[in-house]
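Down below is the structure, laid out as structure tokens.
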Amino acid sequence: MSAGSAGAMGATDVRFQDEFDFLPVWRQTLAQRTHQAVASLSAIPDVVGLVLAGGLGRGAEWPLSDIDLIGIYADQTFEQTKAHVDRVRTDLMAQWSAQGFAVSLDIKGIVFTASEVESAVRSQGSRVLPLLSDKRFYHGMDKVHGGQSVYDPDGLATSFLEWVNRERYSDEVKAARIAAKRRIRDEAQRTAQDLLDTQAQEATLSVAVDAAIVANTHLLMEIWGDRGSSRRGPTFSERCAAEQGETALVDDLFRLRRFDLASGHTRIVQAPELVRRYASFSLEARALVGEEVTTAQNTRDAVVWEQGRVLREEDPPYAPWVGVDCDPASIGARFDRLSDLIGSHLLLQ
56 MSAGSAGAMG ATDVRFQDEF DFLPVWRQTL AQRTHQAVAS LSAIPDVVGL
106 VLAGGLGRGA EWPLSDIDLI GIYADQTFEQ TKAHVDRVRT DLMAQWSAQG
156 FAVSLDIKGI VFTASEVESA VRSQGSRVLP LLSDKRFYHG MDKVHGGQSV
206 YDPDGLATSF LEWVNRERYS DEVKAARIAA KRRIRDEAQR TAQDLLDTQA
256 QEATLSVAVD AAIVANTHLL MEIWGDRGSS RRGPTFSERC AAEQGETALV
306 DDLFRLRRFD LASGHTRIVQ APELVRRYAS FSLEARALVG EEVTTAQNTR
356 DAVVWEQGRV LREEDPPYAP WVGVDCDPAS IGARFDRLSD LIGSHLLLQ
């Protein structure tokens, strides 16, 4: 299918032979689907505001971007509206998948009542902090920052967006989020240590140690104010570390987690065809937006992304390419090295 033919076709008519067929027209297709989603969801009674969030909302989209929408619903019908929105969301995603290339429409967990938004936008500084205990606000502030109000009959979406843009990187909120990441890291460390002490099954133990390593990386990214990328996270983290003069620290963490480039090369050779195909697709997608990334970096990022999917969806034993360490001595040594890193680097303490 040519770009010209796709441009002439409506969002409901387009068909792709495979994911690579999507790439020449990815930008207009993503724009069409975003418009379709906003039009469909804003037509639902008691949807009173929509904010386009994530990379797409910030104008940093790429061919694998999700359509992230934050919904604001009338108080009195909040649960019914959530259910209605989810039905429309499911129908749209099924339609897009049937067209030959699926795009995720994310409007599920991070939705608010009108009164919640009205109350939130009146808070500032330290008064914002209690809201961060609600995962919708904690994660929503990250997603919404820099986004776009796309449906706003009562001004709530714009007010919410302006509030997030003002408060997300305030000194108080930054400090609270860093403290939260440290608590998560500390809990991950304790969990891994407990499993080591009880000589847990190797796959369970390895996953726990890996989670502790990743929690330390997430702490660093929070300290440095990096928003990261779900599909391209390791390379984004390396760039952020280089800007901070901390390349060696992140390299050490990545080697411990087997997120380094050499591990990526070894594991892609072992991986099934669908993982190698995803890596090829991702590399082409990144080139289309002018991202400076090497083949080795992209391969590693693709393996990490697909590994995460397997760990979420499947049970052990895992295939070798997934990179789950099954050597008790190696697992223990990696955890000891992680503990040494934490003890020797002020940022991780």
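Following this note's numbering, the numbering of the sequence shown begins with 56 at its first residue and continues without gaps. Backbone N, C-alpha and C fix where the C-beta goes; we use that ideal spot for every residue, glycine too.
Reference residue i; option with closest CA among the options
i    : options                : result
F133 : A157, L147, S170       : S170
I386 : Q248, S181, K190       : Q248
V264 : R240, E173, S292       : R240
L275 : A255, L251, F309       : F309
N220 : V172, E369, M196, T145 : M196
T259 : L402, E339, N271, A243 : A243
K163 : L186, I233, H139, P185 : H139
P100 : E173, K137, S188       : K137
A157 : G112, I233, R70        : R70
Q72  : A230, G155, N271       : G155
E74  : L186, S337, L124, A212 : S337
A230 : G280, R286, D189, T272 : G280
D213 : E173, D189, L186       : Residue 213 is actually Thr in this sequence, not Asp. When each option's Cα is compared against that of T213, the closest is E173.
L211 : D161, W81, L186, A175  : A175
D146 : D189, Q91, L187        : Q91
L402 : N271, R294, A351       : N271
Same chain, Cβ closer than 8 Å to residue i, neighbours up to 5 away in sequence not counted
i    : result
V359 : G288, P289, F314, G319
S261 : V379, D380, C381, I386
T168 : I127, Y128, A129, D130, F133
7 Å CB neighbourhood of residue i in its chain, flanking five on each side removed
i    : result
V93  : L105, V205, Y206
V348 : T290, R341
P375 : Q325
H400 : L304
R312 : D265, I268, V269
L78  : P118, E339, A340, L343
H194 : I165
R88  : A66, I122, W151, V158
Same chain, Cβ closer than 6 Å to residue i, five either side skipped, listed in chain order
i    : result
D209 : V103
F191 : The displayed chain sequence assigns Arg, not Phe, to residue 191. Cβ neighbours of R191 beyond the five flanking positions: I165.
E116 : G110
S120 : G110, L111
P371 : A258
C-alpha distance - residue i paired with residue j, whole-angstrom precision
i    : j    : result
Q404 : R238 : 11 Å
A86  : R367 : 30 Å
I122 : E257 : 38 Å
S159 : F215 : 23 Å
Q179 : D130 : 23 Å
R182 : G398 : 33 Å
W218 : T84  : 31 Å
R245 : A334 : 35 Å
L96  : Q135 : 13 Å
S152 : L396 : 45 Å
R177 : L184 : 13 Å
Q362 : A317 : 16 Å
D252 : P383 : 12 Å
R144 : A235 : 32 Å
R232 : R331 : 36 Å
D141 : V365 : 25 Å
R113 : Q254 : 46 Å
L124 : R286 : 19 Å
M148 : A351 : 32 Å
R322 : L187 : 38 Å
W81  : L250 : 46 Å
Y373 : G283 : 27 Å
E346 : R294 : 12 Å
D189 : S292 : 26 Å
A98  : D161 : 17 Å
I'd like to know if the region 196-207 and the region 103-118 are in contact, where contact means that at least 3 CB-CB pairs between them fall below 8 Å. yes
Would you be able to state if there are at least three C-beta pairs under 8 Å between the region 217-226 and the region 350-360? no
At least 3 beta-carbon pairs within less than 8 Å: the region 291-299 vs the region 382-396: no
Restricting to runs no shorter than 4 residues, where is the alpha helix (DSSP H) found entirely within the region 222-274? 226-252
Spell out a yes or no on whether the region 302-310 and the region 319-339 are touching, meaning 3 or more CB-CB pairs, one atom from each, closer than 8 Å. no
What residue ranges within the region 107-138 form continuous alpha helix (DSSP H) runs of no fewer than 4 residues, ordered along the chain? 109-113
Ranges of the alpha helix (DSSP H) found wholly within the region 341-402, counting only runs of at least 4: 350-368, 383-399
Whole alpha helix (DSSP H) elements within the region 199-224, 4-residue minimum: 211-222
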